[in-house]
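So the structure is just underneath, and the comments pick up after that.
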Amino acid sequence: MTGPEQLAVVGAGLGAGILTSTVGVASLLSFPVLIALGIPPVVANASNTLGLLPGALSGAFGYRRELREVPRRQVVVVVLVCAVGAIGGAALLLALPSRVFASAAPWLILFTCLTVGVQPWISRWLRSHSQHPHDLRRSMTPATIAGTALTGVYGGYFGAGAGVMMMAVLGLGLDLELRVVNGLKTLALLAANLVAGTIFLFIADLNLPAAALLATGSVIGGYLGAHIGRRLPATYLRTLIVLAGLTAATLMLF
1 MTGPEQLAVV GAGLGAGILT STVGVASLLS FPVLIALGIP PVVANASNTL
51 GLLPGALSGA FGYRRELREV PRRQVVVVVL VCAVGAIGGA ALLLALPSRV
101 FASAAPWLIL FTCLTVGVQP WISRWLRSHS QHPHDLRRSM TPATIAGTAL
151 TGVYGGYFGA GAGVMMMAVL GLGLDLELRV VNGLKTLALL AANLVAGTIF
201 LFIADLNLPA AALLATGSVI GGYLGAHIGR RLPATYLRTL IVLAGLTAAT
251 LMLF
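In UniProt numbering, the protein residues as written are 1 to 254.
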């Protein structure tokens with residue numbers, strides 16, 4: 001890579017790190033940059049997953065105050081379920097043609113965008129029809145666990161829009177503030193990327209220079225993104241998440 005190309009990859013990592021900790025569409029920025037450099041799609045995807053790991057790590061560290069507000073058992077369940085799902089996603093990436101998931105991904109993202117947008121109304125409806133409407137939902141239901149696992153699969157396979165999906169699953173299944181959901185989402189996707197990245201490191205073809213450049217930018221961007229996500233009002237953050245998800249789905253469709 002030339003000097004300007006290296007700077008472009010670092011810049012993509014910086015922007016992707018910010019997106020990881022805020023709206024959750026990091027790969028929408030970084031993956032196309034790797035493709036534009038002529039890196040084959042599967043190699044670019046695996047290298048992208050590895051390169052964005054430091055951004056997810058610094059983002060999760062930036063949200064450490066929010067994560068303390070979530071019961072430890074719940075955090076462990078979310079992380080483990082997402083990580084197990086990512087094993088299946090990484091296996092799918094290495095075994096299946098990339099077009100298989102790519103055809104379904106935009107529609108999954110559009111559905112989760114809708115869910116994120118209407119989540120406050122759905123949550124109120126669920127509470128109004130609950131036997132204990134004033135109790136906060138703090139335990140993982142089977143539906144929430146299944147949604148978390150499927151998001152982990154998608155995150156291990158491709159990941160563009162996985163953050164939007166995870167926000168929808170956790171926001172709908174648990175009564176937590178949006179900033180806390182954002183922190184839990186960042187930690188869960190860190191687990192998914194860590195598992196998938198480890199598998200790719202030993203099995204997949206990688207462009208390690210590109211992954212290292214992405215990592216350099218993403219570690220800074222992830223921490224900055226956590227501070228941005230914490231300060232954004234919930235309505236603005238929800239709007240940005242929906243807009244980012246719609247953009248990702250539109251670009252993937254067309």
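Ideal Cβ positions, reconstructed from N, Cα and C, are used throughout, including at glycine.
(message) Considering just the uninterrupted stretch of the alpha helix (DSSP H) at Tyr-154, what are its terminal residues?
(response) 142 to 157
(request) Determine, using beta carbons only, whether Gly-222 and Ala-56 come nearer to each other than 8 Å. (result) yes
(request) List the endpoints of the continuous alpha helix (DSSP H) containing Leu-34. (result) 27 to 36
(request) Could you check the C-alpha separation between Thr-186 and Thr-20 for me, to the nearest Å? (result) 7 Å
(request) Would you identify the three-state DSSP class for Gln-6, choosing helix, strand or coil? (result) helix
(request) Could you have a look at Leu-178 and say whether DSSP puts it in helix, strand or coil? (result) helix
(message) Please classify Leu-251 as buried or exposed, where buried requires at least 16 other C-beta atoms within 10 Å of its C-beta.
(response) exposed
(message) Excluding the 5 residues flanking Gly-229 on each side, which residues of the same chain have their C-beta closer than 6 Å to its C-beta?
(response) Ser-21, Thr-22 and Asn-182
(request) Alpha carbon to alpha carbon, how far is Leu-96 from Ala-60? Give it in angstroms, no decimals. (result) 31 Å
(message) Just to confirm, is the Cβ distance from Ala-226 to Val-25 under 8 Å?
(response) no
(request) Kindly indicate the opening and closing residues of the alpha helix (DSSP H) around Thr-22. (result) Careful: Thr-22 lies outside any alpha helix (DSSP H) and carries neither H nor E.
(request) Measure the beta-carbon distance from Gly-147 to Ala-192 and round it to whole angstroms, keeping in mind my assumption that it falls under 8 Å. (result) 13 Å between Cβ atoms; not a contact.
(request) Buried or exposed for Tyr-236, please, with buried defined as at least 16 other CB atoms from any protein chain shown within 10 angstroms of its CB. (result) exposed
(request) Report yes if the CB atom of Met-166 is closer than 8 Å to the CB atom of Leu-201, and no otherwise. (result) no
(request) Below 6 Å CB to CB, which residues in the same chain sit around His-132 once its five sequence neighbours on both sides are set aside? (result) Low confidence applies here, because His-132 scores a pLDDT of 47, under 50, leaving its location unreliable and the question unanswered by this model.
(request) Taking Val-81 as part of the alpha helix (DSSP H), name the residues at either end of that continuous run. (result) 72 to 95
(request) Taking all protein chains shown into account, decide if Pro-106 is buried (16 or more other Cβ within 10 angstroms of its Cβ) or exposed. (result) buried
(message) Spatial neighbours of Ile-39 within its chain, please: C-beta separation below 6 Å, excluding the five flanking residues on both sides.
(response) Asn-207
(message) For Arg-72, tell me which candidate among Leu-184, Cys-113, Ile-87 and Leu-94 has the shortest Cα-Cα distance.
(response) Leu-184
(message) Distance check for Met-1 and Leu-7, CA to CA, integer angstroms please.
(response) 10 Å
(message) Taking the straight line between their C-alpha atoms, what separation do you get for residue 268 and Pro-142?
(response) Here the chain comprises residues numbered 1 to 254, so residue 268 is not present and cannot be evaluated.
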